[in-house]
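Participant:
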Amino acid sequence: LRAEVKFLVTCELARLARYLRMLGFDTKSAESCGLVELQNTCQAENRILITRINKQVIPRIVSQVKIRSDHYREQIKTVIRDTGLHHFCLFSRCLRCNCLVVPVPKQEIDALLPDKVRQGQQYFTRCPKCGKIFWKGTHALAMMQFAKELTVELGMEKKMGFTLTEYP
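Taking my numbering, the leading residue of the sequence shown gets 65, the next gets one more, and so forth.
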């Protein structure tokens, strides 16, 4: 059984970090791009560094993915190809703080919801760390479509063992 892949994304790739979280990957954003901090975090937490920093500058961080493209879609493809990711669990992490979200009963958060959401949605998750509430509105449909397109573009839907699931 393969251990969960965890990432540390450097400061300049914040958008990429959010997309990796949307796909269900434990993706921490570096608080600074100091080489010592990056190295220590990667080693202590067994994370793969995703960066634009020249690889020769940070030789002690063995597991890293070098990002060259300015386009987030190509950046995600690079990470998937270079790390051999084969399972996406969409909507399982908070896009803001990376914590695993948990199901929450509607009645518990009803007063916090916009009227349109309260009327049209029944299923919700919440981040136990920052309190952000998630539901499957049109944005979620667009994200699911994006993930499906990625799998087709990379030929992943045909690979044995590949799965694309939604949480929960």
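Where a beta carbon is used, it is the ideal one built from N, C-alpha and C, also for glycine. Being a predicted model, the structure only gives us computed values, none of them experimental.
1) If I follow the unbroken beta strand (DSSP E) through Arg-222, where does it start and stop?
2) Based on the DSSP secondary-structure assignment, which residues constitute the bridge partners of Lys-70?
3) Look at Ile-131 and Thr-147 and say whether their C-beta atoms are less than 8 Å apart.
4) Could you pull out every residue in the same chain whose Cβ sits closer than 7 Å to the Cβ of Pro-192, ignoring the five residues on either side in sequence?
5) Helix or strand or just coil, what does DSSP make of Val-100?
6) Applying the criterion that 16 or more other CB atoms from any shown protein chain within 10 Å of the CB defines a buried residue, is Glu-213 buried or exposed?
7) Spatial neighbours of Leu-65 within its chain, please: CB distance less than 7 Å, with the 5 preceding and 5 following residues excluded, ordered by chain position.
8) Is it the case that the stretch 146-160 contacts the stretch 194-203, given that we only count it when at least three CB pairs across the two stretches are under 8 Å?
9) Would you mind reading off the limits of the beta strand (DSSP E) that contains Gln-128?
10) Alpha carbon to alpha carbon, how far is Ala-78 from Leu-72? Give it in angstroms, no decimals.
Facilitator: Working from what's here:
1) Per the sequence presented here, residue 222 reads as Lys, with Arg not at that position. Where Lys-222 is concerned, there is no enclosing beta strand (DSSP E), given that its DSSP letter is neither H nor E.
2) Lys-70 pairs with Asp-90.
3) Taking the C-beta atoms as reference points, Thr-147 is found no nearer than 8 Å to Ile-131.
4) Exclusion of the five residues before and after Pro-192 leaves Cys-163, Val-166 as the residues of its chain whose Cβ lies within less than 7 Å of its Cβ.
5) In the displayed model, Val-100 falls within a helix according to three-state DSSP.
6) Glu-213 should be labelled exposed.
7) Bear in mind that the predicted position of Leu-65 carries a pLDDT of just 34, short of 50, making it unreliable; the figure below should be weighed with that in mind. Once the five neighbours on either side are set aside, Leu-65 has no close Cβ partner at all.
8) Verdict: yes, contact present.
9) Note, Gln-128: beta strand (DSSP E), 128-130.
10) Roughly 10 Å between the two C-alpha positions.
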